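The structure appears below as structure tokens.
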Amino acid sequence: MTELLRNPEKLSRAQAELHQVIGKGKTIEEADISRLPYLEAVLKETFRLHPIAPLLLPRKSGEDFPIGGFTIPKGAQVYINVFAIGRDPSIWDDPDKFVPDRFLGSDIDVRGQNFELVPFGGGRRICPGLPLAARMLPLMLGSLINIFNWKLEDGVIPENMNMEEKFGLAVQKAQSLKAVPIPI
Ligand code: HEM
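Heads up: take any position in the sequence shown, counting from 1, add 991, and you land on the numbering used here.
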């Protein structure tokens, strides 16, 4: 919601897709999700820039493991910096910009197979809530923007929105988003 309110043209585009595919003012059903590629791209772009667990869960190397000219010794604790991968300019064009379009027509998925985008982690520790989240997020976000238009609180404009994040095992916004819903 924060990125969409900060990028009103992207919000309009997501709403236009919803209005066309679902119909203005309607909630979204699970079966509609696969017909909303731009909404899916918005979610992927949000995961890329704002991964909930920026270092995933810590892992421990089971054996000496050579990788990229280094050796990770047996027993070492390993953190995967998903936040840095998401903003790596050798992987992404304009990495700091919110550009959902980069995922349109792309095969990159969030299910742990494409290592440039692993917001749910991967391997045996992959998030067990992924199947639930993959359904709930488009249903919630899509319904919120298909049923309401949104206005920022008084005095706040897209350019001065507070984007600060509170780092921890799980990241949160430092200051909650305050937005006013206006029924469509
Ligand atoms: C946007 C939604 C969510 C995101 C981005 C997310 C992300 C993650 C990540 C990155 C991990 C660590 C995976 C790794 O290190 O490889 C994790 C673990 C976990 N997640 Fe989620 N999660 C989400 C929703 C959920 C939901 C809805 C549930 C439960 C209903 C859930 C339950 C868990 C549990 C129990 C673990 C720990 C698994 C373990 O001990 O190995 N998550 N999640």
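For every residue, glycine included, the Cβ atom is placed at its ideal position computed from N, Cα and C.
None of the values given here were measured: they were computed from a predicted structure.
Item	Value
Mind reading off the beta-carbon distance from residue 1042 to residue 1073? Whole number of angstroms is fine, and I expect it under 8 Å.	5 Å
Assuming residue 1017 contacts residue 1137 under a Cβ cut-off of 8 Å, what Cβ separation, rounded to an integer in Å, is found between them?	6 Å
Taking all protein chains shown into account, decide if residue 1056 is buried (16 or more other Cβ within 10 angstroms of its Cβ) or exposed.	exposed
Quick one: is the Cβ of residue 1116 within less than 7 Å of any heavy atom of the ligand HEM?	yes
Taking contact to mean at least 3 C-beta pairs separated by less than 8 Å, is the region 1064-1071 in contact with the region 1079-1098?	no
Kindly indicate which three-state DSSP category residue 1050 falls into: helix, strand or coil?	strand
What whole-angstrom Cβ distance do residue 1132 and residue 1040 have, given they're in contact under 8 Å?	Contact doesn't hold; Cβ gap of about 15 Å is too wide.
Looking at residue 1013: is its Cβ nearer than 8 Å to the Cβ of residue 1129?	no
On a Cα-Cα basis, can you pick out the residue from 1170, 1172, 1156 that is closest to residue 1186?	The first residue shown for the chain is 992 and the last is 1175, placing residue 1186 beyond what the model contains.
Of the residues 1091, 1095, 1118, which one's Cα is nearest the Cα of residue 1103?	1118
Residues in its own chain within less than 6 Å of residue 997 by CB, not counting five upstream and five downstream?	1149, 1152
Counting only the same chain and skipping the five closest in sequence on each side, list residues whose C-beta sits under 8 Å from that of residue 1126.	1021, 1024
What are the boundary residues of the beta strand (DSSP E) that includes residue 1177?	Outside the displayed range of the chain (992 to 1175) lies residue 1177, so it cannot be described from this structure.
Does DSSP classify residue 1150 as helix, strand or coil?	helix
With a threshold of 7 Å (Cβ to nearest heavy atom), would residue 1075 be considered close to the ligand HEM?	no
Just the Cα atoms here: how many angstroms apart are residue 1059 and residue 1075?	17 Å
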